[in-house]
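Peer 1:
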Amino acid sequence: MSPDIPSDETLRRAQTTMRSLVSDGASSLPALSVVADAIRLELERRGSVAILYVKLDRYGRLEPIFGWRIVRDILDAVANNLGGMVGSTLRRLDVVADFTLTDDAFIVLLSPPRSSDVVSADDLALVTRRVYERLQSLLLNDLAPGVYDRVHPSVGAAILQGDDALTFEQNLQRGVALAMQAAEEQAVLYGQELEKTLANCVEEAELEPLFEPVVDLGGRTVVGYRSSLRGPFYSPLRLPDVLLDVARRSSLLPAYGVAARAATVAAAAGLAADDLLFVWCAATELPNAAVVALSEFYSLNQTLVPQHVVFEVDADELRSNTASTLRTLANVRDMGFQLCLAGLGAQFTTLELIAEAAPDFICLDPVLVAGVTGELTPVEVVQLLVRFAGRIKAQLVATGVRTDEQERVLRRNGVELYCGDLYARPDTRLPHVTFAS
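The sequence shown runs 584 to 1020 under the working numbering.
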């Protein structure tokens, strides 16, 4: 496709974007009508205008780890940086005339330099690269540790030439679509780089298992260990949630799952006879994983009879192919394995489906755990889920517990099992837990 012709799909999405911006009053940034008026004046005066489209692509579990406000903080920081690029990053151009926000993306109007009536293609390419590098540096150096690896800026640009055969709205839509398309192409290349790194990790057996203890505070015992994996340190895949997210987005999920489970089981040396091992698995991979577990897990680790293996599945997976997924979960339990549904409380999931799945464990999501010390609503949700877990005879595990106050509130409201940095940080060997006297 010619770079000067946006695809029909991108045109449709650009039109939707502009419609939403016309009626969007939530942002403190200039409304689309203001930016549109500036674009109209530029087109009438110079016959062309340059547009940047800055998209923030998210990977991994950003909100559950840092809280929902982190996205707002990132958007505010990016907006401030775009506004502060006058005369430095954008020194080839006079100003960022206006910019506005939609769907975690910014639409930026660029004015030409004083020495010229138009923005040249070479200048625009240079500016696009500088904006990308500036935002990449911002995310890497100025925000909370770990954020950069979960947010990647994609910057696309287009020079919109006024076409007398089109209305102004059609010209504007076309320009936004071209810039959007360029940013999306950059995002695709970044995703392909991550997938290539993941493929190399799987092929070269570079997946490194991590373990977190699941503790019973009432009995002052460790009941088992939740496992995760990380990739190489030089890559964003060193973060377990980013690694898993990239695997889910790609065709590598089955190969990743096989390699991940084999590495986890082999590394879980030191399990006591009654310790449980929580192993993540995609619902679609459960049948194969269970068969392999029966034949190979015990040979790799002789403590792992089926009753000591807990397959951990995301609760959201119950929404797709529900009938076959529920049948698969029942079959896996009949084989002697235990089941855990994770992510409860991160977002709405149909509780009836969870009840029908009859898991042995359900995990409270870190985003819910993080909120119990600040507001009443998260506590009420925990109380509801404690009663729900009791009704379906599942044990509730609070994951991501970081503070004594979180533990205190959760214990007071009936939670019995805990996992998180308060007890031990994830480690390549089974962590030791020392209980307070």
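Note that CB positions come from ideal geometry on N, CA and C, so glycine has one too.
Being a predicted model, the structure only gives us computed values, none of them experimental.
1. Please list, in chain order, all residues of the same chain as N996 whose beta carbon is under 7 Å from its beta carbon, the five residues on each side excluded.
2. Is the beta carbon of L721 less than 9 Å from the beta carbon of V637?
3. Quick one: residues in its chain with C-beta nearer than 6 Å to the C-beta of P819, no 5 flanking neighbours on either side, listed in chain order?
4. By a C-beta neighbour count over all protein chains shown, 10 Å radius and 16 as the cutoff for buried, is L749 buried or exposed?
5. Within the chosen definition, does the region 1000-1019 reach the region 826-837 through at least 3 CB pairs nearer than 8 Å?
6. Quick one: grab the DSSP three-state call for E958.
7. Am I right that E999 and D857 are in contact with their C-beta atoms under 8 Å? What's the rounded C-beta distance?
8. Measure the Cβ-Cβ separation of A866 and N904 and say whether it is below 9 Å.
9. By a C-beta neighbour count over all protein chains shown, 10 Å radius and 16 as the cutoff for buried, is D746 buried or exposed?
10. Can you tell me which of the three DSSP states H1015 falls into?
11. Counting beta carbon pairs with one atom in the region 806-816 and one in the region 864-884, are three or more of them shorter than 8 Å?
12. Once the 5 residues before and after Q890 are set aside, which same chain residues still bring their CB inside 8 Å of it?
13. Can you tell me whether DSSP reads K638 as helix, strand or coil?
14. For a test of the three-state rule: what should DSSP assign to Q989, helix, strand or coil?
15. Measuring alpha carbon to alpha carbon, tell me which residue in S882, Y642, G853 and A876 is nearest G729.
16. Whole angstroms are fine: how far does the CA of T986 sit from the CA of T1011?
17. Which residues in the same chain have their Cβ closer than 7 Å to the Cβ of T908, if we skip the five residues on either side of it in sequence?
18. Indicate whether A993 and L947 have their beta-carbon atoms separated by less than 9 Å.
19. Tell me whether N754 is buried or exposed, calling it buried when 16 or more other Cβ atoms sit within 10 Å of its Cβ.
20. Quick check on this structure: which residue in A1007, I588, P589 and T593 has the alpha carbon closest to the alpha carbon of P807?
21. Does the beta-carbon of Q769 have 16 or more other beta-carbons within 10 angstroms, so that it is buried, or is it exposed?
22. Would you tell me roughly how many angstroms separate the C-alpha atoms of A851 and P796, rounded to the nearest one?
23. So is T982 buried or exposed if we call it buried at 16+ other beta carbons inside 10 Å?
24. Can you tell me the Cα-Cα spacing of A614 and V632, whole angstroms?
25. Could you give the C-beta distance for D943 and C923, rounded to a whole number, given that I count them as a contact under 8 Å?
26. Comparing alpha-carbon positions, which option in G957, G926, E776 and I975 lies nearest E939?
Peer 2: This is what the structure gives:
1. V962, V965, Q966 and V969
2. no
3. D732 and V825
4. exposed
5. no
6. coil
7. Contact doesn't hold; Cβ gap of about 17 Å is too wide.
8. yes
9. exposed
10. coil
11. no
12. G919, F920 and Q921
13. strand
14. helix
15. Y642
16. 23 Å
17. A866, E900 and L901
18. First, the residue type needs correcting, since residue 993 is Leu and not Ala in the sequence shown. Yes, the pair counts as a contact, with Cβ atoms nearer than the cut-off.
19. buried
20. Checking the sequence shown, residue 807 turns out to be Gly, not Pro. Checked all of A1007, I588, P589 and T593; the closest Cα to G807 is A1007.
21. buried
22. 12 Å
23. buried
24. Residue confidence for A614 is low, a pLDDT of 47 falling below 50, so the modelled location carries little weight; the figure read from the coordinates is stated next. Whole-angstrom Cα-Cα distance: 18 Å.
25. 7 Å
26. I975
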